[in-house]
Amino acid sequence: MVLVGKVALITGAAQGLGKAFSEALLKRGARVAMLDMKRDEGQKTGQEMADKFGPEKSTFIQCDVTAKEQLDGAFDAASSQFGGLDLVVNNAGILNEVQWERCLAVNLEAVTRGTYNGLSHMSTQNGGRGGHIINVASIAGLLSSIPAAPMYAASKHGVVALSRCLGHAMHYKRHGVRVNALCPSFTDTDIINVTEDSMGKDYWMVPKTFEKLGGLLPVSTVVEGFLQLVEDDTQNGAVMRVTLAKGIDYKQYREDL
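Numbering (my numbering), first residue to last: 1 to 257.
(1) Given a cut-off of 8 angstroms on the beta-carbon distance, is the pair L71 and H121 in contact?
(2) Indicate the three-state DSSP secondary structure (helix, strand or coil) for I139 in the structure shown.
(3) What is the rounded straight-line gap between the Cα of K208 and the Cα of Q252?
(4) Comparing alpha-carbon positions, which option in N117, D249, G127, I191 lies nearest G73?
(5) In three-state terms, what does DSSP make of Y152?
(6) Output needed for G215: all residues of its chain with C-beta closer than 8 angstroms, excluding positions within five of it in sequence on either side, in chain order.
(7) Give me the residue from G16, P150, S79, G167 with the minimum Cα distance to T45.
(8) Return the chain-ordered list of same chain residues with a C-beta closer than 7 angstroms to the C-beta of K68, the five sequence neighbours on each side being excluded.
(9) Does DSSP put C183 in a helix, in a strand, or in coil?
(10) Taking the alpha carbon of S58 as the point to measure from, which residue in A20, A8, E101, V88 has its own alpha carbon closest?
(11) Taking buried to mean at least 16 other C-beta atoms within 10 Å of its own C-beta, is K52 buried or exposed?
(12) Over the uninterrupted alpha helix (DSSP H) stretch that includes G84, give me the two end residues.
(13) Pull up the distance between the alpha-carbon of T234 and that of E224, whole angstroms please.
(14) Give me the residue from A110, A13, G5, S155 with the minimum Cα distance to R39.
(15) What distance in whole Å lies between the Cβ atoms of G141 and V111, which are believed to be in contact at a cut-off of 8 angstroms?
(16) Report the rounded CA-to-CA distance for T66 versus A105, giving the unit in angstroms.
(17) I'd like to know whether the C-beta atoms of G167 and S123 end up nearer to each other than 8 angstroms.
(18) Which one of L26, G237, D197, A30 has the shortest CA to CA distance from N180?
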């Protein structure tokens, strides 16, 4: 995808990877709708991007991705303001094993709703231009076991499966929209600042998980992989891994139907 003039919608965009993704797209000439439930941080990021790239290039929309009406409304508002959508990045996520229902709601249910919203808005069947959906999963969605974070891992496995299924040629023929998953290793953002309140009695195991994976990825490395995935029009149903050990590569599967 050539990004100049394209329109992107990114959830969880006030900080961390979402903010970095937004800035990377704006640098390449895209227009970006940045969604986040954190009003103050989102407005600050929105103003920062407006100052750097011009107020007409981006917008901040406060949105709780787990609230159907808010998420649907945010998609409608972004599409109306910028004249359609070309790229949807379902990035919002949390690491919380105590409030596990919330973890599943943000990491899987909201990503699913965002994916179907993206299909609805971009589908050529509905008058859209076609497009690309990138669902931000995690290396946790590919590993066989993360004992300290079962709900987080389950949610990310679900995102990988969702993306691979909707990335099938059958769906692309119907909608003209590609769907891929981005699976970075644990990254140096606020999401990894866990406590007993969020992770329960096993919270002390989480840093050990990071150590076993070789440490934390820098945000810049994930952005590099993200841009490769955005700009590669050949990928559909793909699962990109970004890790310290192997860099940027794609997970290979044998059991495709």
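Beta carbons are placed, not taken as given, at the ideal position from N, Cα and C, and that holds for glycine.
All of these numbers come straight from a predicted model, not from anything done at the bench.
To lay it out plainly:
(1) Stepping through the sequence shown from its first residue, residue 71 is reached at position 71. Stepping through the sequence shown from its first residue, residue 121 is reached at position 121. Pairing L71 with H121 gives a Cβ-Cβ distance that is not under 8 angstroms.
(2) Position 139 of the sequence shown, counting from 1, holds the residue named residue 139. Helix at I139.
(3) Counting from one through the sequence shown, the residue named residue 208 turns up at place 208. Counting from one through the sequence shown, the residue named residue 252 turns up at place 252. Straight-line spacing of the CA atoms in K208 and Q252 works out to 27 angstroms.
(4) Sequence index remark: in the sequence shown, residue 73 carries index 73 (1-based). For the residues N117, D249, G127, I191, the minimum Cα distance to G73 belongs to N117.
(5) Position 152 of the sequence shown, counted from the first residue, corresponds to residue 152. If DSSP states are grouped into helix, strand and coil, Y152 belongs with the helices.
(6) On the sequence shown, residue 215 is found 215 positions in, with the first residue counted as 1. Only L244 meet the Cβ criterion.
(7) If you number the sequence shown from 1, residue 45 lands on position 45. T45 has its Cα closest to that of G16, out of G16, P150, S79, G167.
(8) By 1-based counting over the sequence shown, the position of residue 68 is 68. Excluding the 5 residues flanking it on each side, K68 has same chain C-beta neighbours closer than 7 angstroms at R113, in chain order.
(9) Walking along the sequence shown from the start, residue 183 turns up at place 183. It is a strand residue.
(10) Position 58 of the sequence shown, counted from the first residue, corresponds to residue 58. Cα-wise, what sits closest to S58 is A8.
(11) The residue given as residue 52 occupies position 52 in the sequence shown. It counts as exposed.
(12) Counting from one through the sequence shown, the residue named residue 84 turns up at place 84. Premise fails: G84 is in no alpha helix (DSSP H) and is neither H nor E.
(13) Here residue 234 refers to the residue found at position 234 when the sequence shown is read from its first residue. Here residue 224 refers to the residue found at position 224 when the sequence shown is read from its first residue. C-alpha separation (whole angstroms): 17 angstroms.
(14) Position 39 of the sequence shown, counted from the first residue, corresponds to residue 39. It is A13 whose Cα lies nearest to the Cα of R39.
(15) Numbered from 1 along the sequence shown, position 111 holds the residue referred to as residue 111. Numbered from 1 along the sequence shown, position 141 holds the residue referred to as residue 141. In fact, because the Cβ distance is near 11 angstroms, the residues do not count as touching under 8 angstroms.
(16) For the purposes of this step, residue 66 is taken as residue 66 along the sequence shown, with counting starting at 1. For the purposes of this step, residue 105 is taken as residue 105 along the sequence shown, with counting starting at 1. Distance between the alpha carbons of T66 and A105: 6 angstroms.
(17) For the purposes of this step, residue 167 is taken as residue 167 along the sequence shown, with counting starting at 1. For the purposes of this step, residue 123 is taken as residue 123 along the sequence shown, with counting starting at 1. No; because the gap between Cβ atoms is not below 8 angstroms, this pair is not in contact.
(18) Mapped onto the sequence shown, residue 180 falls at position 180. If we check each option's Cα against that of N180, G237 comes out closest.
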